[in-house]
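Be aware that the sequence shown starts at 1, since it is given in full-length UniProt numbering, and climbs by one per residue. Comments concern the structure below.
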Amino acid sequence: MRVAFVGKGGSGKTTLSALFSRHLARSGAPVLAIDGDINQHLAEALGEEEKSAPPLGEHLADIKDFLRGTNPRITSREAMIKTTPPGRGSRLLRPLGDDELHARHVGRAGGVPLMVTGEFDDSDLGVACYHSKLGAVELYLGHLVDGPGEYVVVDMTAGADAFASGLFTRFDITFLVAEPTRKGVSVYRQYRDHAEQFGIRIAVVGNKVTGEDDLLFLKDQVGDDLLTYLIHSPWVRAAEQGRTEGGPDTLASLEPHNRHALTILREAVDSHPRDWDRLHRHAVEFHLRNAHAWADARTGEDLAAQVDPDYTPGTPPTT
Numbered sequence: 001m002r003v004a005f006v007g008k009g010g011s012g013k014t015t016l017s018a019l020f021s022r023h024l025a026r027s028g029a030p031v032l033a034i035d036g037d038i039n040q041h042l043a044e045a046l047g048e049e050e051k052s053a054p055p056l057g058e059h060l061a062d063i064k065d066f067l068r069g070t071n072p073r074i075t076s077r078e079a080m081i082k083t084t085p086p087g088r089g090s091r092l093l094r095p096l097g098d099d100e101l102h103a104r105h106v107g108r109a110g111g112v113p114l115m116v117t118g119e120f121d122d123s124d125l126g127v128a129c130y131h132s133k134l135g136a137v138e139l140y141l142g143h144l145v146d147g148p149g150e151y152v153v154v155d156m157t158a159g160a161d162a163f164a165s166g167l168f169t170r171f172d173i174t175f176l177v178a179e180p181t182r183k184g185v186s187v188y189r190q191y192r193d194h195a196e197q198f199g200i201r202i203a204v205v206g207n208k209v210t211g212e213d214d215l216l217f218l219k220d221q222v223g224d225d226l227l228t229y230l231i232h233s234p235w236v237r238a239a240e241q242g243r244t245e246g247g248p249d250t251l252a253s254l255e256p257h258n259r260h261a262l263t264i265l266r267e268a269v270d271s272h273p274r275d276w277d278r279l280h281r282h283a284v285e286f287h288l289r290n291a292h293a294w295a296d297a298r299t300g301e302d303l304a305a306q307v308d309p310d311y312t313p314g315t316p317p318t319t
């Protein structure tokens with residue numbers, strides 16, 4: 001199951017991504033965390049990094065070559081764009097599978113497997129947007145065959161920036177982290193309006209709630225979309241200051257209310273089965289949008305031909 005955390009910058013989405021990933025890992029569930037934010041802080045939020053790995057964004061061409069496999073509809077790595085959907089011959093992935101992509105790009109932080117997109121470097125400044133790196137995450141999720149009880153948790157870019165690509169359609173649920181302020185809920189309204197157009201499932205997670213007034217404000221502003229909330233956490237502040245050790249087991253010291261909120265998040269993720277047809281339909285739709293808008297002209301090919309009408313979504317990888 002694929003989970004995105006979004007929200008206004010500073011809302012605590014990276015902190016919530018880390019807490020939820022550690023909560024899942026503590027239960028023994030297979031979980032992979034992905035840092036898809038331009039500010040690469042998820043490893044730090046998870047705890048002390050135990051093993052780093054090369055960023056996805058720096059190896060996009062190699063990732064394309066690996067994922068396209070023997071798919072005859074994709075003529076080259078240059079013709080494969082971030083929205084290219086899988087087809088017959090493509091390499092499909094299992095979460096944390098025994099393949100070269102996971103072997104190369106999965107590190108570990110705070111006891112949680114972690115992939116990162118990578119930071120901007122000097123060569124990117126002024127000439128590239130962050131979506132060029134996020135394209136690796138979009139391709140990864142597009143070729144992933146995951147199932148119930150398996151979790152991929154992605155810390156997304158701040159604000160409504162995720163709607164600049166089709167990445168926002170790649171998730172089973174999107175948790176929008178909102179502080180109890182007018183600015184905190186403003187991103188919610190943008191996300192809600194965009195998500196409704198595509199049937200995207202979102203739920204609001206209140207954060208940094210200090211009392212009844214904060215909770216009533218959130219309920220008034222987001223209504224039934226408010227799933228749960230976390231109270232102001234001295235434990236989180238201590239962790240952010242480096243005064244707690246990393247690792248999933250340290251969550252035992254997290255405030256009981258906040259631990260219960262994490263349980264509610266997991267129940268929300270598990271409550272709806274995967275709709276493979278919807279995922280693939282959205283993938284094809286956004287691929288065609290990108291092809292017509294810019295990619296056909298850039299590649300000199302009709303990229304609509306990359307869509308395989310006989311491909312069955314959710315097909316397990318062959319070994």
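C-beta: ideal position from N, C-alpha, C; glycine also.
Collapsed DSSP secondary structure at residue i in the structure displayed
{"i": "ARG91", "result": "coil"}
{"i": "ILE63", "result": "helix"}
{"i": "LEU166", "result": "A small correction: the amino acid at residue 166 is Gly; Leu does not occupy that position in the sequence shown. Correct three-state label for GLY166: helix."}
{"i": "ASP308", "result": "coil"}
{"i": "ASP161", "result": "helix"}
{"i": "GLU285", "result": "helix"}
{"i": "PHE175", "result": "strand"}
{"i": "ASP124", "result": "Unreliable placement is indicated for ASP124, whose pLDDT of 49 sits below 50; no coordinate value is reported for it."}
{"i": "GLY211", "result": "coil"}
{"i": "ARG192", "result": "helix"}
{"i": "ALA29", "result": "coil"}
{"i": "PRO180", "result": "coil"}
{"i": "GLY110", "result": "coil"}
{"i": "VAL137", "result": "helix"}
{"i": "ILE81", "result": "coil"}
{"i": "ARG68", "result": "helix"}
{"i": "GLU50", "result": "strand"}
Check whether residue i and residue j have beta carbons under 8 Å apart
{"i": "VAL153", "j": "LYS13", "result": "no"}
{"i": "LYS51", "j": "GLY107", "result": "yes"}
{"i": "ALA203", "j": "PHE175", "result": "yes"}
{"i": "GLY9", "j": "ALA158", "result": "yes"}
{"i": "LEU265", "j": "ARG26", "result": "no"}
{"i": "PRO30", "j": "GLU150", "result": "yes"}
{"i": "GLY206", "j": "PRO234", "result": "no"}
{"i": "THR117", "j": "LEU32", "result": "no"}
{"i": "ASP146", "j": "MET1", "result": "yes"}
{"i": "ALA268", "j": "ILE173", "result": "yes"}
{"i": "residue 352", "j": "ARG68", "result": "Outside the displayed range of the chain (1 to 319) lies residue 352, so it cannot be described from this structure."}
{"i": "ALA283", "j": "THR83", "result": "yes"}
{"i": "PRO313", "j": "LEU288", "result": "no"}
Identity of the residue in the options nearest residue i by Cα
{"i": "PRO316", "options": "LEU46, ARG94, ALA61 and GLY36", "result": "ARG94"}
{"i": "LEU167", "options": "PHE66, GLU138, THR181 and MET80", "result": "GLU138"}
{"i": "ILE200", "options": "GLY206, ASN207, PRO54 and GLN190", "result": "GLN190"}
{"i": "PRO54", "options": "MET1, ALA79, ALA136 and LEU144", "result": "ALA136"}
{"i": "PHE171", "options": "ASP193, GLY142 and GLU179", "result": "GLY142"}
{"i": "GLU44", "options": "VAL236, LEU279 and ARG2", "result": "VAL236"}
{"i": "GLU49", "options": "MET115, VAL3 and TYR140", "result": "MET115"}
{"i": "ASP225", "options": "PRO234, TYR188, GLU119 and THR169", "result": "TYR188"}
{"i": "HIS194", "options": "GLY206, ASP161, GLU100 and THR210", "result": "ASP161"}
{"i": "VAL209", "options": "ALA4, SER11 and PHE5", "result": "SER11"}
{"i": "ARG192", "options": "SER165, GLY223, GLY211 and GLU212", "result": "GLY223"}
{"i": "GLY242", "options": "GLY47, HIS102, LEU16 and THR15", "result": "GLY47"}
{"i": "LEU60", "options": "PRO72, ASN71, ARG77 and THR70", "result": "ARG77"}
Chain D contact for residue i (CB, 8 Å cutoff)
{"i": "VAL236", "result": "Protein chains in the displayed structure number just one, and chain D is not present."}
Practice problem: Determine contact between the segment 287-300 and the segment 213-223, defined as no fewer than three beta-carbon pairs at a distance below 8 Å. | Solution: no
Quiz item: Quick one: any contact between the segment 83-101 and the segment 305-313, if contact means 3 or more CB pairs under 8 Å?
Solution: Segments in contact, yes.
Practice problem: Please list the segments of the alpha helix (DSSP H) lying wholly inside the segment 233-279, counting only runs of 4 or more residues, in order along the chain. | Solution: Taking only runs of at least 4 residues, the alpha helix (DSSP H) segments lying wholly in the segment 233-279 are 234-240 and 256-270.
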